[in-house]
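**Q** Here's a structure for you.
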Amino acid sequence: MNPTRDKLVARAKTDLAERLKLTPNDVRELGVSDAEFPDMALGAPESGEMSAQMISSGWRIKFGAGGKNYEYRADKYQLRLHNFNGENHVIES
Amino acid sequence: MNRNNIWIHVAIAVVLITLAGVLGQISRWKTSLNGPRVELSRQSVDHLEIETWDLQGEAPEVLVRFKSGVTLNEIRRLTAEKNDNLSDEIESVAGLTVIDDLDNADAQIVANQYSSMTDTVEYAEINYQIKLDDPVQKSVFQVRLGRREPSAGMPNDPMFADQWALNNSGANGGKERADLDALEAWTHTKGSDEVVVAVLDSGVDFTHVDLIENMWVRPANVPAYSDDELGTFNDINGYNGTDAIRDPMDDNGHGTHCAGIIGAEGDNAIGVTGINQKVRIMPLKFLGRGGYGSTNDAIEAINYAIDRKKNGVNVRIISASWGSTSRSKALEDTIRAAADADILFVAAAGNDGSDNDRRAHYPSNYDLPNVISVAALDRGDQLASFSNYGLKTVHVAAPGKDILSTWLNNGYREASGTSMATPYVSGVAALIIASDPNITMKNLRARILGASDDLEGLKGKVQTEGRICAANSLGNIVKEHSHE
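Chains as they are written, first to last, in our numbering: chain A, 11 to 103; chain B, 51 to 534.
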């Protein structure tokens with residue numbers, strides 16, 4: 011497994027736990043899959059962001075916590091939280 | 051001096067030289083963090099705020115357009131009263147300014163404060179950061195040298211057979227002649243080095259072996275670009291809105307790909323050819339290496355292109371392969387100023403597979419006389435599954451899937467997106483200008499849209515219901531109606 015990908019998954023898990031005020035052990039990894047996104051903001055732009063309109067490859071990282079599912083999107087250079095309470099967030103870039 | 055002493059002296063010399071090198075590098079880093087642009091635009095901002103913006107991507111600026119009649123002195127007084135700093139004026143749009151808040155207040159709050167000044171302010175908005183990342187490369191080819199026997203007007207570029215957008219043979223599941231009719235168009239013109247196309251993007255690798263001959267270089271009789279607030283730019287090879295002292299070298303790849311579509315040198319026995327075999331590409335870099343940029347930097351870059359036009363550079367087209375669903379009045383006003391300068395603005399429709407009539411995408415959705423919004427087609431002449439569309443707001447389609455073009459480090463790769471369709475339209479526009487140098491922007495836009503090939507699959511999807519056609523645009527052949 012790509013160590014960068016592992017690192018991003020761990021970072022996403024920590025981020026979600028902090029947002030939900032849970033411990034990382036309370037966050038369950040549901041799966042990581044290769045994905046193609048519509049643009050270089052991985053289809054998860056923050057408000058006001060613009061990005062190159064080129065299809066980009068990356069990973070979709072899914073978690074379950076507190077009875078809900080959450081999705082992070084990542085590639086080699088960035089990690090984003092998709093549609094968390096209606097908003098996207100850049101976690102790392 | 052004995053032999054041992056010699057070695058001690060040599061060791062000391064090596065240490066001193068190394069130390070000098072390290073100190074020099076530190077000095078260069080310091081210079082890059084406090085370069086002329088930052089110093090000039092943020093004279094009274096302390097270095098911590100500069101680092102916050104540069105390194106963490108914060109947006110401490112707002113874009114404010116003051117009403118007609120509000121003088122520069124009044125603007126300075128108004129901003130000073132708020133402990134703000136007039137960072138820059140956008141010369142091409144009257145009253146449009148960039149303002150730094152020196153109190154580190156939330157940008158939206160600052161924008162709201164200015165918006166409430168209805169006596170003097172037309173509008174105020176956040177200077178949003180624009181972000182992209184280095185994309186994963188699917189396929190990078192090294193430069194292939196070698197000559198293939200040219201036939202039937204085909205250029206001798208070794209990868210030409212893979213450029214289905216220019217000449218679709220029907221291979222790889224494609225549809226024969228589902229292309230721009232480049233071969234027919236080239237019987238009329240292959241482009242002109244008198245036509246300048248600005249690529250507003252992540253920069254361009256202007257040293258790429260397949261681009262270098264078609265890159266714009268500021269002529270000796272055109273003065274270096276100078277801005278009252280930002281200082282003088284190093285614009286020999288184009289404009290770098292992210293760093294005034296650096297050239298617009300691409301450190302992402304996306305801009306280089308778009309540039310190759312418009313104008314990789316043709317018939318040079320290297321790599322690919324652009325739809326223009328000969329042209330002048332002007333890089334306007336507003337996205338940084340990590341993909342960071344801002345609305346303001348895009349505006350400044352457009353302002354630069356307008357200024358160059360006024361200084362005699364024949365920049366006629368701005369190609370914009372980026373966007374979002376966020377609307378900026380300041381960006382809209384600047385693109386309008388480009389229209390006033392007779393510059394065509396070609397914009398990507400977006401890749402969400404959605405209807406832009408219902409969910410707007412910018413800048414492609416700005417209802418301006420110089421904007422062409424572009425959807426993407428696959429090699430079977432079908433609207434690409436990812437492409438946005440819109441009967442009212444998307445004007446035309448162009449090839450945008452599995453497009454081979456130039457990449458960083460003398461490389462090549464395939465990429466997909468309305469990002470790739472956009473430069474084909476920009477490129478066809480450049481071909482038209484090459485054959486009709488005095489055509490107006492309005493007539494140029496009408497020529498491109500009026501010469502499209504109708505496609506059944508685009509009915510109800512894009513305004514012209516067609517794919518651009520280089521040959522039709524040059525008047526070589528009658529308009530095809532493939533659905534008839």
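Where is the CB? At the ideal position from N, CA and C, for every residue including glycine.
Note that the coordinates shown come from a computational prediction; the quantities given were computed from them, not determined experimentally.
Output yes if chain B places a C-beta closer than 7 Å to the C-beta of A62 (chain A); else output no.
**A** For A62 (chain A), the answer is yes, since a Cβ of chain B falls inside 7 Å of its Cβ.
**Q** Please classify K335 (chain B): does DSSP put it in a helix, a strand, or coil?
**A** Correct three-state label for K335 (chain B): strand.
**Q** Who are the Cβ neighbours of S404 (chain B) in its own chain at under 7 Å, not counting the five residues just before and after it?
**A** These residues qualify, in order along the chain: N438.
**Q** Judging by CA-CA distance, which residue of B:T170, B:V259, B:A484 is the nearest neighbour of T456 (chain B)?
**A** With distances taken between Cα atoms, T456 (chain B) lies closest to B:V259.
**Q** With a cut-off of 7 Å, does the C-beta of E28 (chain A) fall near any C-beta of chain B?
**A** It does not; no Cβ of chain B falls within 7 Å.
**Q** Return the Cβ separation of A84 (chain A) and G68 (chain A) in integer angstroms, given the expectation that the two are a contact with Cβ distance under 8 Å.
**A** A84 (chain A) to G68 (chain A), Cβ: 6 Å. Contact.
**Q** Grouping DSSP H, G and I as helix and E and B as strand, with all else coil, what is H445 (chain B)?
**A** Coil at H445 (chain B), not helix or strand.
**Q** I want to verify the contact list: residues of chain A whose CB lies under 7 Å from the CB of Y164 (chain B), in sequence order.
**A** Ordered by position in chain A, no residue passes the 7 Å Cβ test against Y164 (chain B), which lies about 17 Å from the chain.
**Q** Give a yes or no on whether the C-beta atoms belonging to L89 (chain A) and L32 (chain A) are separated by under 7 Å.
**A** No, the Cβ-Cβ distance between L89 (chain A) and L32 (chain A) is not below 7 Å.
**Q** Which residues of chain A have a Cβ atom closer than 9 Å to the Cβ of D402 (chain B), listed in chain order?
**A** Here the neighbours are P48, D49, G53.
**Q** For A434 (chain B), which of helix, strand or coil comes out of DSSP?
**A** Here A434 (chain B) sits in coil by DSSP.
**Q** Does DSSP put K492 (chain B) in a helix, in a strand, or in coil?
**A** Residue state, collapsed to three classes: helix.
**Q** Considering only DSSP beta bridges, list what I422 (chain B) is partnered with.
**A** I422 (chain B) pairs with B:V396.
**Q** Since G313 (chain B) is in the alpha helix (DSSP H), which residue starts that stretch and which ends it?
**A** Here the alpha helix (DSSP H) through G313 (chain B) covers 304 to 313.
**Q** I think V246 (chain B) touches V363 (chain B), with their Cβ atoms under 8 Å apart; what is that distance to the nearest whole Å?
**A** With 8 Å as the limit, V246 (chain B) and V363 (chain B) qualify as a contact, their Cβ atoms being about 6 Å apart.
**Q** CB A480 (chain B) to CB N326 (chain B), shorter than 7 Å?
**A** Yes; because the gap between Cβ atoms is below 7 Å, this pair is in contact.
**Q** Taking all protein chains shown into account, do 16 or more other C-beta atoms lie within 10 angstroms of the C-beta of N135 (chain B), making it buried, or fewer, making it exposed?
**A** Buried is the call here.
**Q** In the structure shown, what three-state DSSP assignment does R497 (chain B) receive?
**A** In this structure, R497 (chain B) counts as helix in the three-state DSSP scheme.
**Q** Taking 7 Å as the limit between beta carbons, can you name the residues of its chain near V365 (chain B), skipping five residues before and five after?
**A** Closer than 7 Å at Cβ, skipping near neighbours: V246, A248, M332, A355, R358, K359, I393.
**Q** Should the segment 210 to 221 of chain B be regarded as contacting the segment 496 to 513 of chain B, the criterion being three or more beta carbon pairs within less than 8 Å?
**A** Judged by Cβ distances under 8 Å, the segment 210 to 221 of chain B makes no contact with the segment 496 to 513 of chain B, as fewer than three pairs qualify.
**Q** Can you look up N84 (chain B) in the DSSP assignment and give me helix, strand or coil?
**A** The predicted model places N84 (chain B) with a pLDDT of 31, which falls under 50 and marks its position as unreliable; any figure quoted below should be read in that light. N84 (chain B): coil per DSSP, three-state reduction.
**Q** Going by alpha carbons, who is nearest to T443 (chain B) out of B:Q432, B:C308, B:D407, B:L128?
**A** Of the candidates B:Q432, B:C308, B:D407, B:L128, the one whose C-alpha sits nearest the C-alpha of T443 (chain B) is B:D407.
**Q** Whole angstroms are fine: how far does the CA of I125 (chain B) sit from the CA of D150 (chain B)?
**A** For D150 (chain B) and I125 (chain B), the distance between alpha carbons rounds to 13 Å.
**Q** For I65 (chain A), which residues in chain B fall below 8 Å Cβ to Cβ?
**A** Here the neighbours are N401, F436, A465, S466, G467.
**Q** Mapping the DSSP letters down to three states, classify L261 (chain B) as helix, strand or coil.
**A** Coil, per DSSP.
**Q** From the beta carbon of S371 (chain B), is the nearest beta carbon of chain A less than 7 Å away?
**A** Yes - at least one Cβ of chain A is within 7 Å of the one on S371 (chain B).
**Q** So, using beta-carbon positions, are F395 (chain B) and A387 (chain B) closer together than 7 Å?
**A** No, the pair does not count as a contact, with Cβ atoms beyond the cut-off.
**Q** State the DSSP-derived secondary structure class of A75 (chain A), mapped to helix, strand or coil.
**A** A75 (chain A) falls in the strand class under three-state DSSP.
**Q** Measure the beta-carbon distance from P449 (chain B) to L427 (chain B) and round it to whole angstroms, keeping in mind my assumption that it falls under 8 Å.
**A** Contact holds; Cβ gap of about 5 Å.
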